[in-house]
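Engineer: My questions will all concern the structure given below.
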Amino acid sequence: MTRAALLVCPASGKGRAARMAGTVAARLRTAVDSLDLHVASSAEGTLALARRAVDDGVDVLVVLGGDGGAHLGVQACAGTSTALAVVPAGTGNDLATALGTLSVDDVVGALCDGARRSLDLGRVGNGTWFATVLCAGFDSAVNERANAMRWPAGPRRYDLAILAELAGLRPERLVVETEGGTLELDALLVAIGNTTSYGGGIPVCPDADPADGLFDVTVVSAAPRRTLLRMLPTLRTGRHVDHPAVRTLRASAVRLAGPGWVGYADGERVHGLPLEVSCRPGALTAVSPAV
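Each step along the sequence shown adds one to the number in full-length UniProt numbering, with nothing skipped, and position 268 is 268.
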């Protein structure tokens, strides 16, 4: 018997999640034995409902929303036996893409097949969990701008935010400490990837594998703005890692330090640097079609 809870984030996708909720619930009921529906009007309320459902012992927590809602679901499911499923209804949907659940039909198919995956998670100190990418520097500034924009919807919002932030771009001193040593340089951004992508499908850490016990770390060092403009088209293909201004590392734990830098994890603001993050192997069970 499979008990599931559907957590609806009604504001996701400018109300798209709310409009989809009835159809999604009906489809999910064909794949589980019982389904409880939960709707909250705030992030705090959504997290509380997610944790309550997990504490009640549901087998699967299904989040209908974007990466913000998925991030809250991760906080509730991490380190528990409850599996997380994501039905995408937001702007970026990077976790849903990483899980291979691009629609409710993908989730239903995986539930019927009993398809589960164990995924690593990142953890900031002993607090916030993240499933996709933690970033700081230019990319976190892009996140802040994109989150404040009301137009356009979808990945194009991040593309426009990138162009807008380039106008005021300045390198800052960054220290990256891993078990392999310390890197200190003037940098523009750093991304710690558990999965490959953020910002609606930008593969900032193109070789990241969420089941290998390691982060992929991408650091972009100081470079002229014209160089960065030439690099931008390669971001969507992952070829930016071949550029001389880009450094890549692999590590199980990372400490970041830098004045004025703010960390974002799964697209959500964490806090300013310094930050210490660790990879926690197999910390999340996810509903995911066979790859």
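By construction, the Cβ of each residue, glycine as well, lies at the ideal position given by its N, Cα and C atoms.
Given the structure is predicted, the values throughout are model-derived calculations rather than measurements.
State the DSSP-derived secondary structure class of S34, mapped to helix, strand or coil.
Structural biologist: Reading the sequence shown from its first residue, position 34 is the one you call residue 34. Strand.
Engineer: Which complete beta strand (DSSP E) runs does the UniProt domain "DAGKc" (1-128) hold, if anything under 3 residues is left out?
Structural biologist: Within the UniProt domain "DAGKc" (1-128), the complete beta strand (DSSP E) runs of at least 3 residues are 3-8, 34-39, 60-65, 83-88, 116-124.
Engineer: How close, in whole Å, do the beta carbons of L99 and V86 come, if the pair is a contact with beta carbons under 8 Å?
Structural biologist: By 1-based counting over the sequence shown, the position of residue 99 is 99. By 1-based counting over the sequence shown, the position of residue 86 is 86. Rounded, the Cβ-Cβ distance is 6 Å, consistent with contact.
Engineer: Quick check on the burial criterion: 16 or more other C-beta atoms within 10 angstroms. Buried or exposed for M1?
Structural biologist: Numbered from its first residue, the sequence shown carries residue 1 at position 1. Label assigned to M1: exposed.
Engineer: How is R236 classed by DSSP in three states: helix, strand or coil?
Structural biologist: As a position in the sequence shown, residue 236 is number 236, starting the count at 1. Correct three-state label for R236: coil.
Engineer: If V190 and E184 are in contact, beta carbons under 8 Å, what's the gap, nearest whole angstrom?
Structural biologist: Numbered from its first residue, the sequence shown carries residue 190 at position 190. Numbered from its first residue, the sequence shown carries residue 184 at position 184. Rounded, the Cβ-Cβ distance is 12 Å, inconsistent with contact.
Engineer: Who are the near neighbours of G282 in its chain, counting only those whose CB is closer than 6 Å to its CB and skipping five residues on each side?
Structural biologist: The residue you call residue 282 lines up with position 282 of the sequence shown. Excluding residues within five positions, the ones whose Cβ falls inside 6 Å are S118.
Engineer: From what residue to what residue does the beta strand (DSSP E) around A136 run?
Structural biologist: Numbered from its first residue, the sequence shown carries residue 136 at position 136. 133-137 is the span of the beta strand (DSSP E), which, as asked, contains A136.
Engineer: Considering only DSSP beta bridges, list what A286 is partnered with.
Structural biologist: On the sequence shown, position 286 is the one that residue 286 refers to. The partner list for A286 (beta bridge, DSSP) reads L84, R117.
Engineer: Determine the extent of the beta strand (DSSP E) in which A187 is found, giving its start and end residues.
Structural biologist: Working through the sequence shown from its first residue, we reach residue 187 at position 187. Looking at the DSSP string, the run of the beta strand (DSSP E) that includes A187 is 181-193.
Engineer: Closest to I192 by CA distance: which of V287, G200, D207, D186 is it?
Structural biologist: Translated into positions along the sequence shown, residue 192 becomes position 192. Of V287, G200, D207, D186, the residue nearest in Cα terms is D207.
Engineer: Taking all protein chains shown into account, decide if G180 is buried (16 or more other Cβ within 10 angstroms of its Cβ) or exposed.
Structural biologist: Here residue 180 corresponds to residue number 180 of the sequence shown, with the count starting at 1. It counts as exposed.
Engineer: Leaving out the 5 sequence neighbours to the left and right, which residues in its chain are closer than 6 Å to G272 when beta-carbon positions are compared?
Structural biologist: Stepping through the sequence shown from its first residue, residue 272 is reached at position 272. For G272, where only same-chain residues beyond five positions count, the Cβ hits under 6 Å are V262.
Engineer: For D216, report the span of its beta strand (DSSP E) as first-last.
Structural biologist: Taking the first residue of the sequence shown as position 1, residue 216 is located at position 216. Run containing D216: 215-221, per the beta strand (DSSP E) assignment.
Engineer: Secondary structure at T178, three-state DSSP: helix, strand or coil?
Structural biologist: For the purposes of this step, residue 178 is taken as the residue at position 178 of the sequence shown. Three-state DSSP puts T178 in a strand.
Engineer: If contact is defined by three or more beta carbon pairs under 8 Å, each pair taking one atom from either stretch, is the region 56-71 in contact with the region 29-46?
Structural biologist: The answer is yes - the region 56-71 touches the region 29-46, with three or more Cβ pairs under 8 Å.
Engineer: Do S278 and S252 come within 8 Å of each other at the CB atom, strictly closer than that value?
Structural biologist: For the purposes of this step, residue 252 is identified with residue 252 of the sequence shown, where counting begins at 1. For the purposes of this step, residue 278 is identified with residue 278 of the sequence shown, where counting begins at 1. A contact, by the Cβ cut-off of 8 Å.
Engineer: Let me know the secondary structure DSSP gives V277 once reduced to three states.
Structural biologist: The residue you call residue 277 lines up with position 277 of the sequence shown. V277 falls in the strand class under three-state DSSP.
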